[in-house]
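Asker: Please see the structure below; I have some questions.
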């Protein structure tokens with residue numbers, strides 16, 4: 155798990171990159187506080203968290219534009235769910251789409267964006 159901060163709009167938000175997550179996720183708190191428009195999820199599904207065994211239905215998505223530092227800007231489609239761990243969780247779909255490479259020793263991600271390599 156890689157933790158960092160990103161900016162969404164003009165707000166600083168917490169972010170996690172998690173190779174164990176099968177989805178990109180935005181917290182309902184983030185979406186509500188920033189007044190971001192959502193769309194209905196084309197294929198709603200149930201998500202089960204390991205910690206409490208409860209199931210949660212994922213029914214909405216949000217298209218988020220975010221920046222990490224001054225050199226990396228991106229846009230990602232996220233499922234919207236209540237979560238306390240962070241505001242934005244980038245899972246395997248984002249990592250695959252960006253050809254992200256994780257260096258566990260340095261705890262960095264290298265991403266190709268517009269033919270340039272960016273190290274987070």
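In this note's numbering, the protein residues as written are 155 to 274. Idealized CB from N, CA, C, for every residue including glycine.
#1: Could you tell me whether the Cβ atoms of residue 171 and residue 263 are closer together than 8 Å?
#2: Counting only runs that start and end within the region 181-265, where is the alpha helix (DSSP H) found for 4 or more residues in a row?
#3: For residue 239, is the classification buried or exposed, using 16 other Cβ atoms within 10 angstroms of its Cβ as the cut-off for buried?
#4: Which one of 251, 217, 272, 241 has the shortest CA to CA distance from residue 187?
#5: Report the rounded CA-to-CA distance for residue 218 versus residue 257, giving the unit in angstroms.
Answerer: With the structure as the only source:
#1: Here residue 171 refers to the residue found at position 17 when the chain shown is read from its first residue. Here residue 263 refers to the residue found at position 109 when the chain shown is read from its first residue. Yes, these two residues count as a Cβ contact at 8 Å.
#2: 182-188, 246-251
#3: Taking the chain shown and counting its residues from 1, one reaches residue 239 at position 85. That one is exposed.
#4: Residue numbering aside, residue 187 sits at position 33 when the chain shown is read from its first letter. Selected option, being the one with the closest Cα: 241.
#5: What you label residue 218 is simply residue 64 of the chain shown in a count that begins at 1. What you label residue 257 is simply residue 103 of the chain shown in a count that begins at 1. Distance between the alpha carbons of residue 218 and residue 257 is about 26 Å.
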